Structure formats: structure tokens, C-alpha cells
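In terms of the numbering used here, the sequence shown opens at residue 62 and continues consecutively. Backbone N, C-alpha and C fix where the C-beta goes; we use that ideal spot for every residue, glycine too. Computed from a predicted structure; not experimentally measured.
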Amino acid sequence: MQLSRTDATSNGRPNEPDATSDGSRDEPVVVEIEQFARSQRSVADLPATPTPAVIRDRYHAQLVAGRLRFEKHGPRNCEMISACFDRALALRRFAPLPPASEPIDAYFADPDCANLSPNVLFDEQWYLERNEDVRAAKASGQVYSGFVHFVLYGLHEGRSPNAMLDLARAERCAGEPVPAAAFDVASYVSTYPIVEKFLRCFPIIDEAAFYRLYGRDLGHAVREKPVSVQHRFEEFLLDQFDCEFYRAQYLNGRASDYEALQHYLTVGARDGNSPSKNFDELWYRSFYRDVGEAIAAGEILSGFQHYMMSGKVEQRLPCYKLSYALEARMAGITEPRLLQRASDIERRLQPPPHRFRAQQSRVWFCLPTLNPDISFGGYKAVFELIKATARTGRAIGLLITDDPIVGIDYFVYRERDRELVDVIKRSAYANRQSGVPVELSEDDLFVVYSVWDAYVIQPMLQETRAKKFLLLAQEYEPIFYECGSARALIEDAYRLDHVPLFNSRFLTNYFSKHEIGPFAPARTAEGGEHFVFEHVPTRLAMRPLQKQRPTRTLAFYARPEMHAARNLFELGYLALRNLCRDGVFDHRWRFVGLGALAEDHILPLGGGHQIEMVQKMPQEEYETFMSSIDIGLSLMLAPHPSVVPFEFAAAGAVVVTNVYENRSADDLQAICRNIVPCLPSLSGVEAALRAAVERAEDIETRERERLVLQERSWSSTFDAAVIERVFLSLTASRQA
């Protein structure tokens, strides 16, 4: 009996197995099938329903009738049904059955049993609902059940046994066919677990048939049976070998095509001859070291054999190409990245649109970004300057020059300084990225955080009365860039007319020595063409140093991010590793890294030591920690000395920090005798740390030489008188 059979051509699918080459796998399908199987088993585990009356009262006659109904299908069909009929599952689902009863007889004896699937991967109710012809055939008595139809016909037609498999097939793209003789069964079964599961439930088809009927629709990829490498290579060679080239290059032009090919196979390949002008054998085996080693070991015949068997797929080149050869050893060296840099520079220099109106004058603070997550260090100073300016009654404007996030909402949400938040909320706001014109008045003033923005504001300065801008100079910014266009532009920006507000005497001296900015034409008096303030360090509770402590602590200002390269993380880290390896630090020492932006993590040092990288500590915990440190390591390869070494010194630690051209060892020790200056070199840092380990044990000297920070605050640093003088200088004429 056949119901809507298509004899292996259903849905247009050919008889032979198919394959896809996309390498897709069927793990999601396996999960779906297993979920369905578990749901089927859960039905079996429910309390059994009472056995139908016909089985309970007249079971012998009915079981005999069921056996006869089963055997009417014929020996071959009975064999297939039995193979797919899970006897153990049926015993559970049809229970209770009389002793010695065969569940397959009960299945064919009682239509109620036929409504229960005897196979974990077959859904009787779904199959009947999905296939109208089968439902009609069962109703007319042409087929006993959906299960019987599936085993005898539906399986071979490629119909789905359950909804999960049907859905998975609908979501995939069918692959291309491969010859059945080339079907690699072992590879296919190991790649796709669903194959073994399906064939265990329906063992009447093989792996190739499963692929043809289901695997292709599931997007399975099929490998061909492996053949010998030599055989495959010779097949490729027949197509790729250039007899004319080889004959002229190696045989003086005298040989037949056959003789040229045989010479290559027997002699030329081993000797390094190239099979065509498109493949350079000697270059290939010398450039790819693994290939040369494999040839020397006798594992492969030649570089060309490797190329045809795997190298081409691996995207190796057959002959020399300069850009490829360079990239293989120095990735990225040929990329024209400066083209993108040119676009970035052009964008960074682009001024925003602006227009002038009769309105209250403002002091515009030009900031690259308004980000509450970096409101420390240099941004701490500019935020304090903004607050101090607002306290004098001046209106504030914020011009954000390099931040794609437009608006102040996130800043207002995250920032904990409520005075600053109130000022920001009252300020005029403009973001260069928005393209909205900046509304100005002729009396507006400009404060620049980064000298990049000196270029941005030049068109606006040309139309205001004040022709100078105030530069909050907290570093010599060219050090942030390699020797290139960006550095050249930054250096040139200091020639634009401005008044610098330096954050340290050290930095001021550097600018003065190198005649940068207002120092270029002549020396100037402080308070005229430049101003200096000292960054206000974090004031911590002064706690006496404890002599009897079981542990020693080294605090490392560890900044492993690229933008903080001037903090010389690598030198500090390598020096600590070397000293831990040499046993300079015993078991008492603990190492804590401060300042990193990443989440807390551990860095190994060796010798049983490690650095605990801490992103941020609560204030109370930080004060307790700072009072416990014995050595502070903070490096800075820049004119600005950083504040961290002096905070370490104020905590009573022995401090290792490096010298620079504008701060000598004498300069640093004049500030605090607990500072151990070093050269910015690996040996210099190591030597200073060795000395610091010894000095850390002298608690009395550390306490006596402890740095006492001056009593000052941001409000006194930027008081009203300072603010008045600073902004007045922007409108004053240049002093002689």
C-alpha cells in the first residue's frame, strides 16, 4: 500500500545523497530532538490509565487478532515495523499488560494503544495533523496508524516524524549533492550527533539515506571519503602542470609532455623545480618554514603538493608578493592607516558653526568630553576651575569638542559633586558633533583643556574682543603622540596666542626652558602672561606608621592602558617580576596596583607573588590602605611629575619615582627625603626598588621624613582674586 509516495523524489530531491559545503552543524537540532524525546518519555512516566476493557476482559482473543493484523503487513514490512518499535517504551505506555504479552500485539489489537507512539522520536498526533493524506487513510482503514505509515512510507519519502525536526528543516538551506560512493560515513556521524540518535530509533535506513532525506535539509555538510594524498595530488597536477614551461625551464626544451610530467614526479619535485610559472617552489618552501621541514622529513613531496592539498585553502601564496611577505611577519605594516589619521585630524580641527547674539557674556570651557567616569586627575582641576569661575558670578558655557554623546544627562546622573552638577545644569551647552551653532557674544572668553581645541576656537576668537584663550596646561601634550603629523600640529598650536595656567612649577620650568608658548619671545613675569597653581592632592587622615606589622605592602601606580603609556607600566611591572624572581621580596610582601580602568584582576609576578589590580576603592578603605603602604612605585616619563608620588610620600611610604629633564634627583629629594629617585630604565627602577626595600624597614626615619602637605584647598587655589587676574589677562595687551 502506498499513500502519496514519491519514491525518493519527494519535493524534487534526487536519490543520491547530497552535501553542503558551509560546515554548518546541527547541535540546535539535536537539542530540539532530545527535548521532544524527553517530552515523549514524560508521558510514559505518568500514572498509567486503566487498560481498555477489551484488553482486560478478552485480552487473549484480542491479542491474537492484533498479531494477525500485524502479520498482514507481510514479512518485510513487519520486520521494518518491529525494528522501529521500542518494546520497552511500549511496555511502559501500554501498561498494565498481562504477563508474557507482546506490546506490539497490544498495539495492533487496541486502537487506543495506536494513539500512543511506540517511538520516542515519533509524534503520532502531530504526524496525523501535519499529513492530511495519512489522516484520511487511517480513517478509511487503509493504514493502521501514523506510525505504521511513517515506517513503511513516510520515512522513505522524507516526511518529518515530529514538529521539532520539521521546524529545524524549514529554517536551514539545503546543500549540494555528492556521489554516494564518496560519502564519508564515520566523519558524518561524528560531526552530527543527531544522525546516530535518529538511526537508533529508525534503524531501517543508513547514514547516506538519512542525509538524503533529512540531513541535507538540516544544512549538513558531507565530506568525501579520504583518498591518498598522492592520488589527489596527481589529479590536481594533471590540470595545473605547465609542460611547456617545465620543459623550457628544466629540460632544455627537449622532452614530450609525458616525459616532462614524469621528470617532475620522479626528480623535479624533490629538487625544488616549479611546476609552472605561477608557482615558485623554492620561495614557497623557504618562506613557509613548516613546509620546508615537512619536505625535509619526507612527509610531503614538494611545496606544490602542500599548496594544492592544503596551502591554497589556508590562503597561502604560491609565489612572492612583497605586501604579503611583509604582513606575514609584521602584521599591519602595509595598511595605509595614516589615510584614516588624516580624516581624523581633519575632523578634530573642524570648528563648529557659530553665530553672535546680543546676550550675556560667558566663559566657554572647551572640553574633549564630559564624562563623569573620568572626573579625576586633569579633569578634577578643570571641574574645580569651572566651579570657581561660576562662584564669581560669570555665566558658564560648555563646548564639547570630541564626544559623540550629546547632552548632560549621564553626567548629571553619575557625578557626585552636587555643586558641579548644579553649575553644569545652569550652563549653556554645545556639542561640536551635533552641528548646532554655538551662540556667542563679543565679550565671551574661552578656556581650553586640550591644546587641540586651540584650533577649534580660532574662527570664534577672531570675532570676540578677547583674542587670547586660556590654556589649562597640565602636560606638554606632544608627548602623547609619536613623531608624526598629530605631534607637529600640537607643537604648532602652542604658537597660537594664549595665556597658560600651569598646574605645577615643574611643568612651568619645562615650558620656560624650551621657550614654548608665551615663553618663546622672552621671559615673562608670573601673573602677566602665565599663571601657576599646584594641584591639590587628596588629603587623607594622617595616621602614625605601625612598627609591628606582619605584612609589607607595595603600592604600584599601575596604568596598563595605551593612553597612559607615559606612566611606564612595563618598566615597573618587569622590574617587580625580576626582583620577585631574585628573592628581593620575601613572603611578607603584598603588591597592589592602583589606577587601572579595568575590573579588579590579578597579575602574576613569580616567586609566589602577584599584583592585586584594584580599579577603585571607597574613600574610607582607601585611607586605611594608604596608611599601610611601605613602598610606593609611581613613574612618569613626562614634564608633569604627577601627584601620586607625593600622595605616597605623605602616607609615609618610601617612594620610587623617576627623574626627568625638568626634575632632578635633588629636586625630588628636596621635596621629601623618603623619595628614592631613579633613572627611567629597567636597571634604574630595579636599583631604586632594592634600596626602597631596605629603607622600608626604618619606620622611624620614614615617619620623621614624611611629607607634610600644605594646608590648601581648591577654593583657595582658585579664589576670586585669582580668577579675576586670570581672565583679565585674556583681554590685556601683551606685556613687553
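Kindly indicate which residue of the options has the alpha-carbon position closest to the one of residue i.
| i | options | result |
| --- | --- | --- |
| Pro561 | Ile551, Ala547, Val593 and Glu538 | Val593 |
| Val181 | Asp553, Glu163 and Asp147 | Asp147 |
| Leu431 | Ile485, Leu400 and Asn192 | Ile485 |
| Leu299 | Tyr275, Tyr325 and Arg284 | Tyr325 |
| Phe541 | Arg600, Arg627 and Arg475 | Arg627 |
| Arg452 | Leu481, Ala442, Val769 and Arg409 | Leu481 |
| Cys733 | Ala711, Asn723 and Gly745 | Ala711 |
| Ala515 | Gly545, Phe426, Val497 and Gly438 | Phe426 |
| His596 | Arg620, Ala156, Pro621 and Phe567 | Phe567 |
| Arg130 | Val209, His662, Gly439 and Leu399 | Val209 |
| Gly219 | Leu274, Glu193 and Glu257 | Leu274 |
| Gln411 | Ala122, Gln519, Ala229 and Asn339 | Gln519 |
| Ser703 | Ile265, Ser495 and Arg620 | Arg620 |
| Ala489 | Leu158, Ile469, Glu766 and Val195 | Ile469 |
| Met369 | Phe340, Leu550 and Leu789 | Phe340 |
Roughly how many angstroms separate the alpha carbons of residue i and residue j, rounded to a whole number?
| i | j | result |
| --- | --- | --- |
| His701 | Leu532 | 15 Å |
| Pro179 | Arg261 | 14 Å |
| Val716 | Ser689 | 14 Å |
| Tyr272 | His281 | 8 Å |
| Gln63 | Asp318 | Confidence at Gln63 is low in this model, with a pLDDT of 33, below 50, so the placement of that residue should be treated as unreliable; the coordinate-derived value is given next. Taking the straight line from one Cα to the other gives about 59 Å. |
| His591 | Phe563 | 8 Å |
| Pro611 | Cys641 | 19 Å |
| Ala726 | Glu576 | 23 Å |
| Thr778 | Ile784 | 10 Å |
| Pro160 | Ala269 | 40 Å |
| Leu343 | Glu354 | 13 Å |
| Asp332 | Phe244 | 37 Å |
| Lys677 | Glu388 | 40 Å |
| Arg74 | Val246 | With a pLDDT of only 34 at Arg74, under the threshold of 50, the placement of this residue in the model should not be trusted; the figure read from the coordinates follows. Whole-angstrom Cα-Cα distance: 20 Å. |
| Ile356 | Gly364 | 8 Å |
| His648 | Ala757 | 15 Å |
| Gly207 | Ala200 | 11 Å |
| Asp483 | Arg493 | 23 Å |
| Ile447 | Pro413 | 22 Å |
| Arg86 | Leu124 | In this prediction, Arg86 scores a pLDDT of 41, lower than 50, which makes its location untrustworthy; the coordinate-derived value is nonetheless stated afterwards. Those two C-alpha atoms are separated by around 45 Å. |
| Thr599 | Arg763 | 20 Å |
| Tyr634 | Tyr311 | 58 Å |
| Ala581 | Leu557 | 11 Å |
| Gly693 | Gly438 | 18 Å |
| Leu696 | Phe530 | 32 Å |
| Asp184 | Phe259 | 14 Å |
| Tyr474 | Val645 | 47 Å |
| Gln401 | Arg408 | 11 Å |
Could you name the residues that DSSP lists as bridge partners for residue i?
| i | result |
| --- | --- |
| Glu500 | Arg416 |
| Gly329 | Bridge partners of Gly329: none, in fact. |
| Arg724 | Tyr721 |
| Ser337 | Phe340 |
| Val593 | Phe563 |
| Val125 | Answer is none; Val125 lacks a bridge partner. |
| Val675 | Leu655 |
Tell me the residue span of the beta strand (DSSP E) that contains residue i.
| i | result |
| --- | --- |
| Val715 | Val715 to Asn719 |
| His134 | It is not in any beta strand (DSSP E) - His134 carries neither H nor E in the DSSP assignment. |
| Ile692 | Ile692 to Leu694 |
| His559 | His559 to Phe563 |
| Ala534 | Phe530 to Ala534 |
Please report the residue range of the alpha helix (DSSP H) in which residue i lies.
| i | result |
| --- | --- |
| Arg284 | Looking at the DSSP string, Arg284 is not in any alpha helix (DSSP H), and its letter there is neither H nor E. |
| Cys174 | Pro172 to Ala175 |
| His210 | Gly207 to His210 |
| Pro706 | Val705 to Ala711 |
| Arg315 | That residue, Arg315, is in no alpha helix (DSSP H); it is neither H nor E in DSSP. |
| Val246 | Val246 to Thr252 |
| Met225 | Ala224 to Ala231 |
| Thr599 | No alpha helix (DSSP H) holds Thr599; DSSP gives it neither H nor E. |
| Thr792 | It is not in any alpha helix (DSSP H) - Thr792 carries neither H nor E in the DSSP assignment. |
| Asp194 | Glu193 to Ala200 |
| Ser221 | Neither: Ser221 is in no alpha helix (DSSP H) and is coded neither H nor E. |
| Asp553 | Ser546 to Ala554 |
| Asp351 | Arg350 to Ala357 |
**Q.** Runs of alpha helix (DSSP H) wholly within the region 726-759 (minimum 4 residues, chain order)
**A.** Those alpha helix (DSSP H) runs which fall completely within the region 726-759 and span 4+ residues are 726-732 and 743-756.
Q.
Threshold first: 4 residues or longer. Then list the alpha helix (DSSP H) segments lying entirely within the region 605-673, N to C.
A. Entirely contained in the region 605-673, the alpha helix (DSSP H) runs reaching 4 residues are, in chain order, 630-642.
Q) In chain order, which continuous runs of the beta strand (DSSP E) of length 3 or greater are located wholly inside the region 448-528? A) Segments of the beta strand (DSSP E) lying fully in the region 448-528: 456-461, 489-492, 499-501 and 506-509.
Q: With a floor of 4 residues, list each alpha helix (DSSP H) that falls wholly inside the region 366-451, ordered by position along the chain.
A: Entirely contained in the region 366-451, the alpha helix (DSSP H) runs reaching 4 residues are, in chain order, 383-390 and 398-410.
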